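Below: the structure, in structure tokens.
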Amino acid sequence: MKTLLEELEQECLTAVKFIEALKVEQLTTTQQEDLYGELSASVTHLRIQTAQLEQAFEKMACA
């Protein structure tokens, strides 16, 4: 469980980093596209990690 939580925390921080980077006004279109791609990948990882965490919670509840 600890590992799952640490991975989720790290991915949340990664997503926040990309969100903050997108707030910069002087980004080129290419930079924006790259950041949106990275943010999309991060959100996908968050979905996967959240599903894994939910499964772990369910196993704990059934034990």
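The sequence shown begins at 13 in this note's numbering and counts up one residue at a time. Glycine residues also receive a C-beta, built at the ideal position from the N, C-alpha and C atoms. Computed from a prediction, not measured in an experiment: that's the story for all the values here.
In whole angstroms, give me the CA-to-CA distance for residue i and residue j.
i, j, result
"L39", "T15", "35 angstroms"
"A68", "C24", "19 angstroms"
"E70", "E21", "20 angstroms"
"Q44", "A33", "9 angstroms"
"V36", "Q64", "33 angstroms"
"C74", "E50", "36 angstroms"
"M13", "T41", "40 angstroms"
So which of the options has the shortest CA-CA distance to residue i?
i, options, result
"F30", "L47, E21, E18 and L58", "L47"
"T26", "C74, T56 and M72", "T56"
"T28", "I60, A75 and A53", "It should be noted that the sequence gives Val, not Thr, for residue 28. The option with the nearest alpha carbon to V28 is A53."
So residue i packs on residue j, CB below 8 angstroms; how close in whole Å?
i, j, result
"Q61", "E19", "6 angstroms"
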